[in-house]
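*Asks:* This is the structure I have questions about; it appears just below.
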Amino acid sequence: MIALLESLLRMLVWLLLAPLLPGIVNRVKAWVAGRRGPPVLQLYYDLARLWRKNVVLSTLASPGFIAGPAVAWVAIAGAALLLPLGPGGSGPSFRGDVLLFVYLLALARFGTAWAAMETGSAFGGMGAAREVSYAVLAEVSLITAILALSVQSGSVTLATMLAPSAGPGAVLLAAGLFAVLLAENCRVPFDDPNTHLELTMIHEVMVLDHSGPPLAAILHGAAMKLLLFAVLLTQAVLPIGQHPPFVAAGALAAGVLGVTVGVGLVESLLARFAFRRVPLLLTTAFLLCLFALLLAWKGGAA
Amino acid sequence: MTSTVNLLIGVAMGLNLLALGSSRLPSVIRSVAVQGMVIGVMPLLIEEHFDWRVAFVAAVTVGVKGFFIPNLLSRAMRSAHIDREVEPFIGFVPSLLLGAAGTIAAVAGARALPLLPEHAGTLLVPGALASVLTGFVLLIGRAKAISQVCGYLILENGIYLFGLLLINATPLLVESGILLDLTVGIFVIGIIVDRIQRAFDSLDTRKLTVLRE
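Just so you know, the protein sequences line up as chains A and B, in that order. The first sequence begins at 1 in the working numbering and counts up by one. The second sequence begins at 1 in the working numbering and counts up by one.
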């Protein structure tokens, strides 16, 4: 009973805090540009508004048009539940849950890409193709980073993997995971979330045809994914598990806030890269994670 | 002491990859300059006792590799109106992967070498091998003469790292002689670059393969 309550509470934290992050990113961008910017809670208002609206359904779309976003949202929420929240621990923790974590993220991507192609619009398919081709490269880095963490800690459970710090390769791992975060969440050097030019959009072009509650689910899922990667990055780098609960919770919150502000700064200081330069950046991220893995390996042996 | 040296060699390896991956000539030159400085301070860390001659060599190395040669190269770039794009024969992603594979192979292969026990714990040999490999990739895989000079410099940095193994055996005169050679070499290359630019209106070495009256 207590365990169930705890899981519910953790889920609530994930669900309620996630839309805060894009608000903070937008606030940082506005601050750097000298504007006032939208309120931090803007995404909450947007979600409430979208939830009350009707869905516009194409006559071509199969039920997958609605099911895709739902599958994606549930998969991301499941991945979020697996990830430990500092002193809170993780709910259903078991040996090898990190594999499930990676697969749930992949399933979420499949859901979004599937729904994008449902209406038969050319743009949806184009965006989905771009999303998955970037994901192929980003996923390699993510898996290498997870391997580095698991070699470092000698475990394949997320909770024990993320408790200690990443050891000597922490800086490399942080840089690599940050690039993965930017790529997976379609942030600026890879994709511009503010763009309205269909030919250059990636994530936004996939959700063009959605409206009402499914769009709300997609937006909320994207926010949750950002929070998920920020939490993963913070816990991978900082030794959260070795401190008393309050310090750990504070460090986690500060780390997530720092990552979010970093995303905002990157977004305001960098322009998005041309498509042909993206593989280079993702290869760099992969190499950073690979060298972190080697350091963890050699450091463990010595 | 060893961990500081290893950290610096790790930084130098990272700079190798940066030089392989960057698409602008000034950033290649900058990473070579920083690598020269990082490698230049290393004799001070390796030598246990402070010696003014070692300090002198380190200071001169940092000065020549970190400031003098990069300035020469940037000036050559500016005066010969070379545009900043690096033109690769081997693309950036393949050369990065090659460099990374070379680095990993160097780290793995150095374990198999019969090194002295005091050198076995350091990354000196892997760092040297990785830099030499990176230098080769840059020499082979870039079309512009300036980026080939950068490749040559990275190659030389690798050889310098090898030389640090023998720091107790090499007379300092040899070290300063190498440095002087390097400077003169870069000087000559700078002049050649200028001549190529005047004669062919471009620094593309691909055009130098055709013999003509």
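Think of the CB as a built atom: it goes at the ideal place given N, C-alpha and C, for glycine as much as any other residue.
(1) Can you confirm whether B:I236, when its beta carbon is compared against all beta carbons of chain A, has any partner nearer than 8 Å?
(2) At what residue ranges does the stretch 11 to 62 of chain B contain a whole run of the alpha helix (DSSP H), taking only runs of 4 or more?
(3) Residues of chain A with CB closer than 7 Å to the CB of B:A80, please, in chain order.
(4) Looking at the strands, I want to know which residues DSSP matches up with B:E156.
(5) Near A:A296, which residues of its chain fall below 7 Å by C-beta distance, leaving aside the five closest residues on each side in sequence?
(6) Considering only residues of the stretch 111 to 167 of chain B, which uninterrupted alpha helix (DSSP H) runs meet the minimum length of 4 residues and lie entirely inside it, listed in chain order?
(7) If we call anything under 8 Å between Cβ atoms a contact, is A:L83 one with A:L232?
(8) Measure the Cβ-Cβ separation of A:L226 and A:P22 and say whether it is below 8 Å.
(9) Check whether the Cβ atoms of A:F273 and A:L281 sit closer than 8 Å, and answer yes or no.
(10) Beta carbon of B:L161, beta carbon of B:A128: below 8 Å?
(11) Taking any Cβ of chain A, which residues in the stretch 7 to 40 of chain B have a Cβ under 7 Å from it, in chain order?
(12) Could you tell me how far apart the beta carbons of A:L197 and A:V188 are, in whole angstroms, since I believe they sit closer than 8 Å?
(13) Does A:L182 get closer than 8 Å to chain B when you measure Cβ to Cβ?
(14) Please state the DSSP three-state secondary structure of A:P244.
(15) So, using beta-carbon positions, are A:I2 and A:G221 closer together than 8 Å?
(16) So, with DSSP's three-state summary, where would you put A:P87?
(17) Is any beta-carbon of chain B found at less than 8 Å from that of A:T144?
(18) Going by DSSP in three states, A:D209 sits in which element: helix, strand or coil?
(19) Measure the alpha-carbon distance for A:L4 versus A:V74 and round it to whole angstroms.
(20) With three or more C-beta pairs closer than 8 Å as the rule, is the stretch 78 to 98 of chain B touching the stretch 60 to 69 of chain B?
(21) At least one CB of chain B closer than 8 Å to the CB of A:P279: is that the case?
(22) Do you know offhand how far B:P126's Cα is from B:L133's?
(23) Based on DSSP bridge pairs, tell me the residues matched to B:E85.
(24) Are the C-beta of A:L290 and some C-beta of chain B separated by less than 8 Å?
(25) Measure how close the beta-carbons of A:S203 and A:E131 come, nearest whole angstrom, since I'm counting them as under 8 Å.
(26) Within the 8 Å Cβ cut-off, does B:V137 reach chain A?
(27) With A:P213 and A:L50 assumed to form a contact (beta carbons below 8 Å), what rounded beta-carbon distance in angstroms separates them?
(28) Report all residues from its chain with a CB closer than 6 Å to the CB of A:V261; omit the five preceding and five following residues, and keep chain order.
(29) Within 10 angstroms of the Cβ of A:G68, are there 16 or more other Cβ atoms? Answer buried if so, exposed if not.
(30) Grab me the residues of B:R84's own chain with a C-beta within less than 7 Å of its C-beta, minus the 5 sequence neighbours each way, in chain order.
(31) Under 9 Å Cβ-Cβ, which residues of chain A neighbour B:I104?
(32) Where does A:P92 land, buried or exposed, given buried means 16+ other C-beta within 10 angstroms?
(33) Note down, in chain order, every chain A residue with its Cβ under 9 Å from the Cβ of B:L96.
(34) Could you pull out every residue in the same chain whose Cβ sits closer than 6 Å to the Cβ of A:L107, ignoring the five residues on either side in sequence?
(35) On the three-state DSSP scale, how would you describe B:D204?
(36) Should B:G141 go down as buried or exposed, given a rule of 16 or more other Cβ atoms within 10 Å for buried?
*Replies:* Let me spell this out:
(1) Nothing can be reported for residue 236 of chain B: it is not among the residues displayed for chain B, which extend from 1 to 213.
(2) The stretch 11 to 62 of chain B is shown to contain whole alpha helix (DSSP H) runs of 4 or more residues at 25 to 40, 42 to 46 and 52 to 61, in chain order.
(3) Taking the second sequence and counting its residues from 1, one reaches residue 80 of chain B at position 80. The premise fails here: B:A80 is roughly 26 Å from chain A at the closest Cβ pair, so nothing lies under 7 Å.
(4) Residue numbering aside, residue 156 of chain B sits at position 156 when the second sequence is read from its first letter. Answer is none; B:E156 lacks a bridge partner.
(5) Here residue 296 of chain A corresponds to residue number 296 of the first sequence, with the count starting at 1. Around A:A296: A148, V151, Q152, G167 and G169.
(6) Runs found: 117 to 120, 124 to 141 and 145 to 164.
(7) Here residue 83 of chain A corresponds to residue number 83 of the first sequence, with the count starting at 1. Here residue 232 of chain A corresponds to residue number 232 of the first sequence, with the count starting at 1. Yes, the pair counts as a contact, with Cβ atoms nearer than the cut-off.
(8) As a position in the first sequence, residue 226 of chain A is number 226, starting the count at 1. As a position in the first sequence, residue 22 of chain A is number 22, starting the count at 1. In this structure, A:P22 lies closer than 8 Å to A:L226 by Cβ.
(9) Start at 1 with the first residue of the first sequence, and residue 273 of chain A comes out as number 273. Start at 1 with the first residue of the first sequence, and residue 281 of chain A comes out as number 281. Yes, Cβ-Cβ distance for A:F273 and A:L281 is below 8 Å.
(10) Working through the second sequence from its first residue, we reach residue 161 of chain B at position 161. Working through the second sequence from its first residue, we reach residue 128 of chain B at position 128. A distance below 8 Å separates the beta carbons of B:L161 and B:A128.
(11) Going along the stretch 7 to 40 of chain B in chain order, one finds L17 and G21 with a Cβ nearer than 7 Å to chain A.
(12) Within the first sequence, residue 197 of chain A is the residue found at index 197, counting from 1. Within the first sequence, residue 188 of chain A is the residue found at index 188, counting from 1. Actually they do not touch by this definition, with Cβ atoms about 15 Å apart.
(13) Here residue 182 of chain A corresponds to residue number 182 of the first sequence, with the count starting at 1. So no, A:L182 is outside the interface.
(14) What you label residue 244 of chain A is simply residue 244 of the first sequence in a count that begins at 1. Note: A:P244 maps to coil in three-state DSSP.
(15) As a working mapping, residue 2 of chain A is identified with position 2 in the first sequence. As a working mapping, residue 221 of chain A is identified with position 221 in the first sequence. It is not a contact, given that the beta carbons lie outside the stated cut-off.
(16) By 1-based counting over the first sequence, the position of residue 87 of chain A is 87. A:P87: helix per DSSP, three-state reduction.
(17) The count along the first sequence starts at 1 and reaches residue 144 of chain A at position 144. Chain B, which has no Cβ nearer than 8 Å to the Cβ of A:T144, makes this no.
(18) Within the first sequence, the letter at position 209 stands for residue 209 of chain A. In this structure, A:D209 counts as coil in the three-state DSSP scheme.
(19) In the first sequence, the residue the question calls residue 4 of chain A occupies position 4. In the first sequence, the residue the question calls residue 74 of chain A occupies position 74. The alpha-carbon separation between A:L4 and A:V74 amounts to approximately 18 Å.
(20) No: the two stretches stay apart, fewer than three of their Cβ pairs being nearer than 8 Å.
(21) Within the first sequence, residue 279 of chain A is the residue found at index 279, counting from 1. Closer than 8 Å: yes.
(22) Position 126 of the second sequence, counted from the first residue, corresponds to residue 126 of chain B. Position 133 of the second sequence, counted from the first residue, corresponds to residue 133 of chain B. Taking the straight line from one Cα to the other gives about 10 Å.
(23) In the second sequence, the residue the question calls residue 85 of chain B occupies position 85. Its beta-bridge partners are B:R24.
(24) Indexing the first sequence from 1 puts residue 290 of chain A at position 290. Judged by the 8 Å Cβ criterion, A:L290 is in contact with chain B.
(25) Within the first sequence, numbered from 1, the residue matching residue 203 of chain A stands at position 203. Within the first sequence, numbered from 1, the residue matching residue 131 of chain A stands at position 131. The residue you asked about is not Ser; residue 203 of chain A is His in the sequence shown. Between A:E131 and A:H203 the Cβ distance is about 7 Å, and since that is below 8 Å, they are a contact.
(26) Against the second sequence, residue 137 of chain B aligns to sequence position 137. No, B:V137 lies away from the interface with chain A (no Cβ there is under 8 Å from its Cβ).
(27) As a first step, residue 213 of chain A must be located in the first sequence, where it is residue number 213. As a first step, residue 50 of chain A must be located in the first sequence, where it is residue number 50. Rounded to the nearest angstrom, the Cβ distance from A:P213 to A:L50 is 7 Å, consistent with a contact under 8 Å.
(28) Here residue 261 of chain A corresponds to residue number 261 of the first sequence, with the count starting at 1. Correct list, in chain order: V28.
(29) In the first sequence, counting from the first residue as 1, residue 68 of chain A sits at position 68. Buried, since its Cβ has 16 or more Cβ neighbours within 10 Å.
(30) Reading the second sequence from its first residue, position 84 is the one you call residue 84 of chain B. Cβ neighbours of B:R84 beyond the five flanking positions: R24, L25 and P26.
(31) Within the second sequence, the letter at position 104 stands for residue 104 of chain B. Within chain A, the residues near B:I104 are L290, F291 and L294.
(32) Position 92 of the first sequence, counted from the start, is the residue given in the question as residue 92 of chain A. Answer is exposed; the Cβ neighbour count stays below 16.
(33) On the second sequence, position 96 is the one that residue 96 of chain B refers to. Those within 9 Å of B:L96 in chain A are L280, T283, T284 and L287.
(34) The residue you call residue 107 of chain A lines up with position 107 of the first sequence. The residues A75, in chain order, have a CB closer than 6 Å to that of A:L107 in the same chain once the five nearest residues on each side in sequence are set aside.
(35) Locating residue 204 of chain B in the second sequence gives position 204, counting from the first residue. DSSP places B:D204 in strand when its eight states are reduced to three.
(36) Numbered from its first residue, the second sequence carries residue 141 of chain B at position 141. Counting Cβ neighbours within 10 Å, B:G141 comes out buried, since at least 16 surround it.
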